[in-house]
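A.B. asks: Starting off with a structure, shown below.
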Amino acid sequence: MWRATWKSLLAKKLRLALTTFAIVLGVGFMAGTYVLTDTMNVVFEDIFTTSLSDTDVLVRAESAFAPTAAGPGGGGTEGRDPIPESLLETVAAVDGVERAWGDVSGYAQFVDPATGDAIGGVGPPTFGTSYDPASGFLELRDGEPPQGVDEVAVDAGTAERYGLEVGQRIQILFEGPSREFTIAGIYGFGDSDNIAGATAAIFDLETAQEVLGKQGALDAINAKAVTGVSPTELRARIDAVLPDIAEAVTATTVAAELTDLLTEALGFFRTALLVFAFVALFVASFIIFNTFSIITAQRTRELALLRAIGATQRQVTASVLGEAAIVGLVASAIGLGVGILIALGLKSILSAFGVDLPAAGLTIVPRTVVVSIVVGTIVTVVASFVPARRAARVPPVEALREGQPVLTGAPLHRRLVWGLVVTLLGLGALAFGLFGESEVAGQAIGLGAAVTFLGIAMLSPLVARPVARLLGAPLTRLGVPGRLGRENAMRNPRRTAATASALMIGLGLVAMVTILAASLKGSLDAALEETLRADLTLTTSTFSPFSPQVADAVRAVPEVEAVSEFRQNGFRFNGSTAFITAVDPGTIEQVATLDMEEGTVGALSQGSILVHRDVAEDNGLAIGSTVELAFPATGERDFVVGGIFGENRLVGDWVLSISAYEQLYTEQLDFYVLVKGAEGMAPAELERAVSQAVESYPNIEVQDQAAFREQQAGFIDQLLGLVTALLLFAVIIALFGIVNTLGLSIFERTHEIGLLRAVGMTRGQVRGMIRWESVIIAIYGALLGIAIGIFFGYALQQALASEGLTELTIPGVQLAIYLVLAGIAGVLAAVFPARRAARLNVLEAISYE
Amino acid sequence: MTTTGTDVAGGAVGAAARAVELTKVFGEGDAAVRALDGISVAFEGGRFTAIMGPSGSGKSTLLHCMAGLDSPTDGRVFIGDVDLTSLSERQLTLLRREKVGFVFQTFNLVTTLTAAENITLPLDIAGDKPDPGWFDQVVDSVRLRDRLKHRPSELSGGQQQRVAGARALVSRPEIVFADEPTGNLDSRSGAELLGFLRSAVDDHGQTIVMVTHDARAASYADRVVFLDDGRIVDEMIEPTTERVLDELKKLET
Numbered sequence: 012m013w014r015a016t017w018k019s020l021l022a023k024k025l026r027l028a029l030t031t032f033a034i035v036l037g038v039g040f041m042a043g044t045y046v047l048t049d050t051m052n053v054v055f056e057d058i059f060t061t062s063l064s065d066t067d068v069l070v071r072a073e074s075a076f077a078p079t080a081a082g083p084g085g086g087g088t089e090g091r092d093p094i095p096e097s098l099l100e101t102v103a104a105v106d107g108v109e110r111a112w113g114d115v116s117g118y119a120q121f122v123d124p125a126t127g128d129a130i131g132g133v134g135p136p137t138f139g140t141s142y143d144p145a146s147g148f149l150e151l152r153d154g155e156p157p158q159g160v161d162e163v164a165v166d167a168g169t170a171e172r173y174g175l176e177v178g179q180r181i182q183i184l185f186e187g188p189s190r191e192f193t194i195a196g197i198y199g200f201g202d203s204d205n206i207a208g209a210t211a212a213i214f215d216l217e218t219a220q221e222v223l224g225k226q227g228a229l230d231a232i233n234a235k236a237v238t239g240v241s242p243t244e245l246r247a248r249i250d251a252v253l254p255d256i257a258e259a260v261t262a263t264t265v266a267a268e269l270t271d272l273l274t275e276a277l278g279f280f281r282t283a284l285l286v287f288a289f290v291a292l293f294v295a296s297f298i299i300f301n302t303f304s305i306i307t308a309q310r311t312r313e314l315a316l317l318r319a320i321g322a323t324q325r326q327v328t329a330s331v332l333g334e335a336a337i338v339g340l341v342a343s344a345i346g347l348g349v350g351i352l353i354a355l356g357l358k359s360i361l362s363a364f365g366v367d368l369p370a371a372g373l374t375i376v377p378r379t380v381v382v383s384i385v386v387g388t389i390v391t392v393v394a395s396f397v398p399a400r401r402a403a404r405v406p407p408v409e410a411l412r413e414g415q416p417v418l419t420g421a422p423l424h425r426r427l428v429w430g431l432v433v434t435l436l437g438l439g440a441l442a443f444g445l446f447g448e449s450e451v452a453g454q455a456i457g458l459g460a461a462v463t464f465l466g467i468a469m470l471s472p473l474v475a476r477p478v479a480r481l482l483g484a485p486l487t488r489l490g491v492p493g494r495l496g497r498e499n500a501m502r503n504p505r506r507t508a509a510t511a512s513a514l515m516i517g518l519g520l521v522a523m524v525t526i527l528a529a530s531l532k533g534s535l536d537a538a539l540e541e542t543l544r545a546d547l548t549l550t551t552s553t554f555s556p557f558s559p560q561v562a563d564a565v566r567a568v569p570e571v572e573a574v575s576e577f578r579q580n581g582f583r584f585n586g587s588t589a590f591i592t593a594v595d596p597g598t599i600e601q602v603a604t605l606d607m608e609e610g611t612v613g614a615l616s617q618g619s620i621l622v623h624r625d626v627a628e629d630n631g632l633a634i635g636s637t638v639e640l641a642f643p644a645t646g647e648r649d650f651v652v653g654g655i656f657g658e659n660r661l662v663g664d665w666v667l668s669i670s671a672y673e674q675l676y677t678e679q680l681d682f683y684v685l686v687k688g689a690e691g692m693a694p695a696e697l698e699r700a701v702s703q704a705v706e707s708y709p710n711i712e713v714q715d716q717a718a719f720r721e722q723q724a725g726f727i728d729q730l731l732g733l734v735t736a737l738l739l740f741a742v743i744i745a746l747f748g749i750v751n752t753l754g755l756s757i758f759e760r761t762h763e764i765g766l767l768r769a770v771g772m773t774r775g776q777v778r779g780m781i782r783w784e785s786v787i788i789a790i791y792g793a794l795l796g797i798a799i800g801i802f803f804g805y806a807l808q809q810a811l812a813s814e815g816l817t818e819l820t821i822p823g824v825q826l827a828i829y830l831v832l833a834g835i836a837g838v839l840a841a842v843f844p845a846r847r848a849a850r851l852n853v854l855e856a857i858s859y860e
Numbered sequence: 047m048t049t050t051g052t053d054v055a056g057g058a059v060g061a062a063a064r065a066v067e068l069t070k071v072f073g074e075g076d077a078a079v080r081a082l083d084g085i086s087v088a089f090e091g092g093r094f095t096a097i098m099g100p101s102g103s104g105k106s107t108l109l110h111c112m113a114g115l116d117s118p119t120d121g122r123v124f125i126g127d128v129d130l131t132s133l134s135e136r137q138l139t140l141l142r143r144e145k146v147g148f149v150f151q152t153f154n155l156v157t158t159l160t161a162a163e164n165i166t167l168p169l170d171i172a173g174d175k176p177d178p179g180w181f182d183q184v185v186d187s188v189r190l191r192d193r194l195k196h197r198p199s200e201l202s203g204g205q206q207q208r209v210a211g212a213r214a215l216v217s218r219p220e221i222v223f224a225d226e227p228t229g230n231l232d233s234r235s236g237a238e239l240l241g242f243l244r245s246a247v248d249d250h251g252q253t254i255v256m257v258t259h260d261a262r263a264a265s266y267a268d269r270v271v272f273l274d275d276g277r278i279v280d281e282m283i284e285p286t287t288e289r290v291l292d293e294l295k296k297l298e299t
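Protein chains in written order, with the working numbering: chain A, 12 to 860; chain B, 47 to 299.
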């Protein structure tokens with residue numbers, strides 16, 4: 012029996028190669044994700060360890076809670092207050108301290124001397140830090156350590172990217188006034204050129220304190236123990252002498268905290284990528300199902316012969332499943348290798364975005380190997396289960412019958428019932444996830460979507476024939492190739508449907524994401540239309556926070572009537588992290604409409620907070636309620652709810668006043684500043700005046716309303732592009748499915764193609780015939796996918812309507828373009844099968860077996 | 047009248063198809079097999095010729111080369127005045143489409159097309175419209191009028207071969223090549239098909255060349271050409287089943 016399995020495998024090398032490819036890509040994606048994130052983990056842990064290599068105990072301000080990975084982007088937000096510099100002497104004096112030194116860090120952003128544009132800020136932070144001559148963490152690559160108020164050192168990554176050299180002058184932006192420095196040196200961090208793409212401006216301690224606005228203060232004090240004193244012991248000794256505002260922790264604890272943060276951040280990144288890997292595998296499973304269905308159908312006589320000579324049904328099933336297991340195993344192993352290449356590719360993409368990972372090897376842990384192989388093999392075996400069972404039910408007599416025997420699946424009415432049941436189950440899970448407010452909503456939505464796709468794929472053969480007939484109708488005018496292409500697409504509706512299903516899933520998700528993005532843009536636009544009254548918006552192009560001095564500079568412009576700044580940061584409420592927006596109660600109503608449902612904005616001036624109506628509802632808050640909020644630097648504080656507001660795009664769910672914010676947070680950076688011009692001021696003139704006022708802040712973009720909205724839409728488009736690119740993996744796998752099915756069908760129709768060639772069909776016409784079949788399958792899949800995508804998009808929009816996704820926008824043109832692209836993809840998928848069909852040897856094709 | 051085949055002139059003017067010094071070698075070196083060994087033969091227009099011979103005599107290869115399905119190793123093949131060996135692959139395809147009709151032993155029909163569509167397939171491929179009068183006449187002569195809308199899977203073996211026969215005639219080709227057309231049929235269906243081919247020659251002056259190993263089938267022809275070891279060894283005019291059987295017996299000894 013196993014010999015038959017092997018022989019059958021070897022006889023179908025090419026056919027299986029294409030199937031294998033689907034698994035290889037899916038597993039590769041998954042393995043690549045693991046390898047990349049594991050590598051990043053190791054690299055960063057290494058950086059943490061190195062950065063703390065000289066430190067045994069660290070002294071820092073007490074914090075109510077550790078900052079989370081999902082903290083506000085940009086800046087050097089470390090979430091803790093500084094501690095007085097005087098503590099350094101206290102610590103140094105503790106018995107057992109060999110050496111103690113202080114650190115400060117904060118927001119600092121380079122301005123590219125070549126272009127005058129601010130550098131970085133997209134994702135990784137831009138920070139400034141002090142330099143300790145004794146620290147082994149920073150590794151001088153060029154020049155000298157920075158000394159004095161005029162010198163800075165740059166991380167090697169930034170220097171490399173922007174061609175910065177020792178001796179060059181460079182402008183740096185801070186919370187306070189921007190300044191110019193001379194580049195004294197260039198540093199690496201151990202083996203890395205930078206830390207996860209962050210740009211680092213390195214100063215001596217005194218300069219750092221000054222430019223980062225931390226005179227007389229330190230963010231942390233590092234202490235090294237004398238030989239014979241353990242870090243734990245030293246920590247206890249230091250802690251005993253510290254005032255309440257500060258705490259001492261061992262370097263090990265700090266490293267663990269940092270690692271936790273990292274794991275959380277990378278975990279999110281990994282999960283996101285794995286979702287796409289699973290989509291790819293899901294699509295691949297359809298290809299496997301289809302290939303094994305066709306292969307076993309073509310082997311019917313052989314399987315019947317096996318049955319005739321005494322193989323049991325179980326043995327036949329096992330033989331087919333064994334074949335699948337071998338294919339799965341081999342493909343997964345190759346996928347693992349491809350995954351490593353994918354990880355390398357992603358690594359270079361990351362480095363193109365400025366996130367440098369050291370060239371040192373990739374991290375491949377046993378988990379990656381085991382999970383990749385097990386998942387890949389299981390997916391293959393499970394997907395081939397139904398074809399295996401079908402093969403086993405071949406009656407032995409088929410071996411003796413003349414002509415091509417036909418393997419039939421379940422009768423169509425049974426398919427209808429089961430398909431409907433599965434579809435409804437999927438939709439149920441989807442609805443539960445979307446509207447059930449469950450803890451496992453994400454998983455329910457994912458599972459629901461997958462099961463729905465499965466159900467539709469089961470139902471799809473029922474309509475494949477009529478739809479193919481309809482789609483192919485225009486082709487009949489193109490003569491015999493078009494007509495036969497259409498007939499071939501209709502010939503085996505199960506096959507057509509299964510092939511199209513793979514594409515359906517890919518395009519369904521792409522369509523859904525497109526609809527969501529369009530709806531998001533529409534909702535955002537509508538919301539901004541209602542809320543934004545400002546003439547100008549000041550932001551950085553990357554939405555990184557910027558110095559509050561920008562707002563002050565604009566206030567000095569006579570053409571301006573009102574300037575209102577917005578700040579944002581994280582806090583904790585009821586144990587989970589949320590964001591609070593700080594606004595200026597005196598001016599906000601001139602630049603924006605806060606749709607107040609109860610209370611007034613003025614309540615902010617009394618130190619009250621405003622909350623979104625959903626927050627109020629969920630937590631049973633009303634005007635006058637007291638809530639306890641925890642802030643990273645300053646701990647727990649009670650606030651009175653002074654107002655409740657409705658849908659709003661400018662502020663989040665929680666709002667307080669700027670003056671309250673200044674007391675709660677260490678770092679004071681604005682996220683955006685809204686400007687209202689004086690009465691009768693021409694927009695162009697206002698813009699010119701404001702732009703001039705902020706000239707010395709090259710990171711600031713001055714935009715009118717339209718430009719601001721366009722910029723916001725641009726962010727959504729970027730995200731859409733990224734997600735679509737990741738889904739493209741699944742679409743490519745689906746296209747290989749079409750190639751595979753066409754190849755197998757052509758093999759099956761060798762005689763027929765030979766006959767057509769004999770009676771005068773040219774090679775071009777044969778190619779045309781295959782091409783049209785492919786196009787019909789592709790468009791059928793795309794149509795189903797887009798229909799499901801529209802439905803999913805609609806359902807998601809409905810579910811998220813209360814979260815601000817108020818508008819449903821279905822971008823018809825975009826979806827139509829997808830349809831056309833699917834058709835073109837169909838043409839491309841047909842290239843190789845068509846060429847093969849056209850080159851069939853006519854004589855061999857028509858000769859009797 | 048019988049003559050030895052080797053001295054049959056290949057250059058007869060007015061022949062519908064002819065081969066001159068036609069050689070076909072399969073394989074190379076030691077494994078090379080001379081399927082056709084310098085055959086010269088002419089097929090007259092408006093006649094029904096049968097090609098016979100034991101298995102491996104090269105009869106099918108001769109038909110394939112004559113019909114432009116296979117390319118000879120040496121020698122020349124003419125359909126009318128056209129030298130097939132000088133044609134490109136595409137020109138050969140167009141020639142098959144326009145000047146040649148085919149009936150094969152099996153796999154004659156496209157399963158997704160109806161009988162009517164199968165009959166007009168070569169015309170449709172060429173983008174031509176069938177002559178309705180001729181189409182009707184052909185369909186009636188194969189008695190398929192009530193089967194035109196059926197797909198091949200709904201037709202009997204005999205009906206399928208008659209559809210193939212109708213397809214071969216509907217484009218009024220210069221010559222029809224039939225490769226064991228009755229090989230898979232019972233004797234009644236076979237006789238029906240052969241009667242149809244015969245009448246196409248008698249009533250419409252169609253030229254037909256048929257490969258067969260069945261003496262009774264050969265008896266429908268005007269002339270039988272006997273092949274052995276890739277050479278023409280004999281031929282027979284006005285064959286009868288008995289005479290053909292005798293000749294075959296002679297060849298086998």
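Ideal placement from N, C-alpha and C gives every residue a C-beta, glycine not left out.
Name the one or two DSSP bridge partners that Arg269 (chain B) has.
C.D. replies: B:Thr95, B:Ile283
A.B. asks: Note the first and the last residue of the continuous alpha helix (DSSP H) segment covering Gln182 (chain A).
C.D. replies: Segment 180 to 185 is the beta strand (DSSP E) holding Gln182 (chain A); no alpha helix (DSSP H) there.
A.B. asks: Between Ile85 (chain B) and the ligand ATP, is the CB less than 6 Å from at least one heavy atom?
C.D. replies: Among the ligands in the structure shown, none appear at all, so the ligand ATP cannot be discussed.
A.B. asks: Answer with yes or no whether the minimum CB distance from Glu855 (chain A) to chain B is below 7 Å.
C.D. replies: no
A.B. asks: Beta-carbon within less than 8 Å of Ser189 (chain A)'s beta-carbon, same chain only, minus the 5 sequence neighbours each way: which residues are those?
C.D. replies: Val122, Gln182, Ile183, Ser558, Ser707, Tyr708
A.B. asks: Sort A:Glu313, A:Ala288, A:Glu109, A:Tyr142 by Cα distance to Ala736 (chain A) and report the nearest one.
C.D. replies: A:Ala288
A.B. asks: Would you verify that the beta carbon of Met41 (chain A) is, or is not, closer than 7 Å to some beta carbon of chain B?
C.D. replies: no
A.B. asks: What does His196 (chain B) reach in chain A if we use C-beta pairs closer than 8 Å?
C.D. replies: Neighbours of His196 (chain B) on chain A: none; closest Cβ ~15 Å, over 8 Å.
A.B. asks: Out of A:Asn710, A:Gly533, A:Ala689, which has the shortest C-alpha to C-alpha gap to Ile727 (chain A)?
C.D. replies: A:Gly533
A.B. asks: Excluding the five sequence neighbours on either side, which residues of its own chain have a C-beta within less than 8 Å of the C-beta of Ile249 (chain A), listed in chain order?
C.D. replies: Val68, Val70, Val102, Val105, Val108, Ala234, Ala259
A.B. asks: Using a C-beta cutoff of 7 Å, does Ala849 (chain A) count as contacting chain B?
C.D. replies: no
A.B. asks: For Thr50 (chain B), count neighbouring C-beta atoms within 10 Å of its own C-beta (all shown protein chains included) and say buried if the count is 16 or more, exposed if not.
C.D. replies: Low local confidence applies: a pLDDT of 36 at Thr50 (chain B) is under 50, so the model's placement there is unreliable, with the coordinate-based value given in what follows. Classification for Thr50 (chain B): exposed.
A.B. asks: Beta strand (DSSP E) containing Ala119 (chain A): first to last residue?
C.D. replies: 116 to 122 is the span of the beta strand (DSSP E), which, as asked, contains Ala119 (chain A).
A.B. asks: Can you tell me the Cα-Cα spacing of Pro406 (chain A) and Ala315 (chain A), whole angstroms?
C.D. replies: Going by the C-alpha atoms only, they are around 6 Å apart.
A.B. asks: If you follow the alpha helix (DSSP H) that Arg660 (chain A) is part of, which residue opens it and which one closes it?
C.D. replies: Where Arg660 (chain A) is concerned, there is no enclosing alpha helix (DSSP H), given that its DSSP letter is neither H nor E.
A.B. asks: Using a threshold of 7 Å, state whether the C-beta atoms of Tyr142 (chain A) and Ile213 (chain A) are closer than that.
C.D. replies: yes
A.B. asks: Note the first and the last residue of the continuous beta strand (DSSP E) segment covering Arg847 (chain A).
C.D. replies: Counting along the chain, Arg847 (chain A) falls outside any beta strand (DSSP E), though it belongs to the alpha helix (DSSP H) covering 842 to 850.
A.B. asks: Report the start-end ranges of each alpha helix (DSSP H) in the stretch 688 to 733 of chain A that is 4 residues or longer and not cut off at the edges.
C.D. replies: 694 to 704
A.B. asks: Do Phe40 (chain A) and Phe740 (chain A) have their CB atoms nearer than 7 Å?
C.D. replies: yes
A.B. asks: Just grab the DSSP bridge partners of Trp112 (chain A) for me.
C.D. replies: A:Asn233
A.B. asks: Give a yes or no on whether the minimum CB-CB distance between Leu130 (chain B) and chain A is below 7 Å.
C.D. replies: Against chain A, the CB of Leu130 (chain B) has no partner CB under 7 Å away; the residue lies outside that interface.
A.B. asks: Taking buried to mean at least 16 other C-beta atoms within 10 Å of its own C-beta, is Gly168 (chain A) buried or exposed?
C.D. replies: buried
A.B. asks: Output yes or no for whether 7 Å exceeds the beta carbon distance between Arg782 (chain A) and Ala845 (chain A).
C.D. replies: Taking 7 Å as the Cβ cut-off, Arg782 (chain A) and Ala845 (chain A) qualify as a contacting pair.
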